[in-house]
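Engineer: Residue numbers (our numbering): 1 to 355. Backbone N, C-alpha and C define an ideal beta-carbon position, used for all residues, glycine too. This structure is a prediction, so every number in the text was calculated from the model and none was measured.
As structure tokens, this is what we get:
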């Protein structure tokens with residue numbers, strides 16, 4: 001039986017693509033172990049899958065002045081030692097890393113032992129953790145054609161991001177029943193969520209009097225973000241978040257309004273959902289969402305509205321524009337080379353383990 005170690009953490013975006021690979025890895029007969037931080041989000045997310053979990057010490061590399069910059073390197077060195085000790089005993093055939101700083105000691109330790117490492121970069125430009133790992137990686141997967149130019153040509157592979165297969169298995173009728181919607185009126189799904197989406201939530205709610213004339217709206221607005229004054233608004237349904245039911249909401253949705261996080265937009269691409277992206281502005285991030293959105297716009301997958309330009313009238317106009325040209329966007333997504341990410345990545349895993 002071949003052995004694989006999965007790693008990645010610090011945020012859900014560094015874990016969920018690993019989770020998406022699990023069914024195919026199990027079907028291929030791999031023994032799977034997950035390596036992450038002692039108590040990070042990755043440990044909580046992986047606990048649902050009954051996988052062996054190995055925790056290591058980890059630290060963050062910050063580009064700004066912080067006292068932890070003086071102590072975290074020692075945590076990383078400790079994590080490297082812990083990872084190397086485990087990997088030397090376990091001897092996996094391959095390591096697959098989704099990134100985040102927890103992955104750095106795992107990948108570097110694995111490479112020092114001659115274990116082939118495949119890493120995945122979600123955003124347009126490689127983050128610092130992956131920059132540290134690229135020199136020792138066997139293959140580097142990415143989501144965007146533009147990223148290929150920033151990676152070593154012999155290592156770079158355009159794969160897209162793995163998404164959970166169950167997202168494509170939703171039931172439209174179940175979604176409509178869950179929201180109390182009619183089957184005779186198109187549905188907009190709004191994926192807001194975190195604090196960073198407050199402006200999106202506000203803009204959508206201000207546009208409701210215009211949108212609800214022609215559409216129904218299901219709004220994933222984030223924890224504690226439900227507007228109680230709108231609870232009884234016909235054709236508008238709010239959820240803080242959903243889990244298993246997300247697939248049914250996707251099946252129901254004709255259009256999606258979303259931020260432009262890499263994993264989120266790759267789900268839209270895989271599901272071929274015409275979408276409007278409102279990327280997190282550069283002032284609130286390292287600018288990766290702006291680049292992600294620009295790439296999807298240039299490939300014909302998305303309409304993009306910059307948050308600084310966001311108004312009720314503009315949002316309503318773009319929703320109608322998207323709806324009437326939705327088939328054009330679906331066709332562009334259908335022709336994309338980033339569709340079957342799991343199959344492509346599994347091919348790379350088989351390649352390095354059979355070499």
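Counting C-beta neighbours from all protein chains within 10 Å, is the total for residue 203 16 or more, i.e. buried, or is it exposed?
Structural biologist: By the neighbour-count rule (16 or more Cβ atoms within 10 Å), residue 203 is buried.
Engineer: Taking C-beta to C-beta, are residue 312 and residue 245 nearer than 8 Å?
Structural biologist: Not in contact: residue 312 and residue 245 (Cβ atoms no closer than 8 Å).
Engineer: With a threshold of 16 other CB atoms inside 10 Å of the CB of residue 135, please say whether the residue is buried or exposed.
Structural biologist: The residue in question, residue 135, is exposed, as its Cβ has fewer than 16 Cβ neighbours within 10 Å.
Engineer: From the DSSP output, in three-state form, read off residue 347 for me.
Structural biologist: Here residue 347 sits in helix by DSSP.
Engineer: Measure the CB-CB distance between residue 390 and residue 180 and report whether it falls below 8 Å.
Structural biologist: No answer is possible for residue 390: the residues shown for the chain start at 1 and end at 355.
Engineer: Just to confirm, are residue 138 and residue 352 a CB contact at a threshold of 8 Å?
Structural biologist: Their beta carbons are under 8 Å apart, which means residue 138 touches residue 352 by this criterion.
Engineer: Buried or exposed for residue 288, going by 16 or more other Cβ atoms inside 10 Å?
Structural biologist: Buried: at least 16 other Cβ atoms inside 10 Å.
Engineer: Return the bridge partner residues of residue 7 from the DSSP annotation.
Structural biologist: Residue 7 pairs with 35, 97.
Engineer: With H, G and I counted as helix, E and B as strand and the rest as coil, what does DSSP make of residue 287?
Structural biologist: Residue 287: coil per DSSP, three-state reduction.
Engineer: Taking Cβ to Cβ, would you say residue 305 is nearer than 8 Å to residue 265?
Structural biologist: Going by C-beta atoms, residue 305 is not nearer than 8 Å to residue 265.
Engineer: Quick one: is residue 113 buried, meaning 16 or more other Cβ sit within 10 Å of its Cβ, or exposed?
Structural biologist: Residue 113 comes out exposed.
Engineer: Quick one: give me the first and last residue of the alpha helix (DSSP H) that residue 247 is part of.
Structural biologist: Unbroken alpha helix (DSSP H) run through residue 247: 246-252.
Engineer: Using 8 Å as the threshold, is the C-beta distance between residue 291 and residue 125 below it?
Structural biologist: Yes, the pair counts as a contact, with Cβ atoms nearer than the cut-off.
Engineer: Between the Cα of residue 243 and those of 27, 166, 279, spot the shortest distance and give me the residue it belongs to.
Structural biologist: That would be 166, whose Cα lies nearest to the Cα of residue 243.
Engineer: What are the uninterrupted segments assigned as beta strand (DSSP E) that are 3 or more residues long and contained completely in the segment 262-325, given in chain order?
Structural biologist: Runs found: 275-277, 302-304.
Engineer: Closest to residue 229 by CA distance: which of 208, 215, 248, 241 is it?
Structural biologist: Nearest option by C-alpha distance: 208.
Engineer: Identify, in the order they occur along the chain, each residue of the same chain with its Cβ nearer than 8 Å to the Cβ of residue 49, setting aside the five sequence neighbours on each side.
Structural biologist: Same-chain partners within the cutoff: 19, 22.
Engineer: Have a look at residue 153 and residue 100 and give me their C-alpha separation to the nearest angstrom.
Structural biologist: Using only the alpha carbons, I get a separation of about 23 Å.
Engineer: Assign residue 164 to one of two classes, buried (16 or more other C-beta atoms within 10 Å of its C-beta) or exposed (fewer than that).
Structural biologist: Residue 164 should be labelled buried.
Engineer: What beta strand (DSSP E) runs, 3 residues minimum, are completely inside the segment 89-168?
Structural biologist: Listed in chain order, the complete beta strand (DSSP E) runs (minimum 3 residues) inside the segment 89-168 are 94-97, 117-121, 139-142, 156-158.
Engineer: When burial is assigned at 16 or more other CB atoms within 10 Å of the CB, is residue 27 buried or exposed?
Structural biologist: That one is exposed.
Engineer: When you compare the CB positions of residue 293 and residue 260, do they come within less than 8 Å of one another, or not?
Structural biologist: Yes, Cβ-Cβ distance for residue 293 and residue 260 is below 8 Å.
Engineer: Taking a contact to mean a Cβ-Cβ separation below 8 Å, would you say residue 36 touches residue 55 in this structure?
Structural biologist: Yes.
Engineer: Please report the straight-line C-alpha distance between residue 346 and residue 316, rounded to a whole angstrom.
Structural biologist: Cα to Cα, residue 346 sits roughly 41 Å from residue 316.
Engineer: One question on the structure: do residue 342 and residue 24 come within less than 8 Å of each other, judged by their Cβ atoms?
Structural biologist: Against a cut-off of 8 Å, the Cβ pair of residue 24 and residue 342 comes out as a contact.
Engineer: Taking 8 Å as the cut-off, decide whether the C-beta atoms of residue 17 and residue 131 are in contact.
Structural biologist: No. Outside cutoff.
Engineer: I'd like to know whether the C-beta atoms of residue 350 and residue 272 end up nearer to each other than 8 Å.
Structural biologist: No. Outside cutoff.
Engineer: State the CB to CB distance for the pair residue 115 and residue 95, rounded to an integer number of angstroms; the pair is presumed to be in contact (CB under 8 Å).
Structural biologist: Confirmed, about 6 Å.
Engineer: Does the Cβ-Cβ distance between residue 319 and residue 280 come in under 8 Å?
Structural biologist: Going by C-beta atoms, residue 319 is not nearer than 8 Å to residue 280.
Engineer: Would DSSP call residue 255 helix, strand or coil?
Structural biologist: If DSSP states are grouped into helix, strand and coil, residue 255 belongs with the strands.
Engineer: So, using beta-carbon positions, are residue 102 and residue 133 closer together than 8 Å?
Structural biologist: Not a contact, by the Cβ cut-off of 8 Å.
Engineer: When the Cα of residue 248 is compared with those of 258, 172, 355, 7, which residue comes out closest?
Structural biologist: Measuring from the Cα of residue 248, the nearest candidate turns out to be 172.
Engineer: Which partner residues does residue 237 have in the DSSP bridge list?
Structural biologist: Partner(s): 218.
Engineer: Return the residue from the list 221, 214, 297 that minimises the CA-CA distance to residue 328.
Structural biologist: The shortest Cα separation from residue 328 among 221, 214, 297 belongs to 297.
Engineer: Under the assumption that residue 201 contacts residue 225 (Cβ atoms under 8 Å), give the Cβ distance between them as a whole number of angstroms.
Structural biologist: Residue 201 to residue 225, Cβ: 6 Å. Contact.
Engineer: Would you identify the three-state DSSP class for residue 333, choosing helix, strand or coil?
Structural biologist: Of the three classes helix, strand and coil, the one that applies to residue 333 here is helix, per DSSP.
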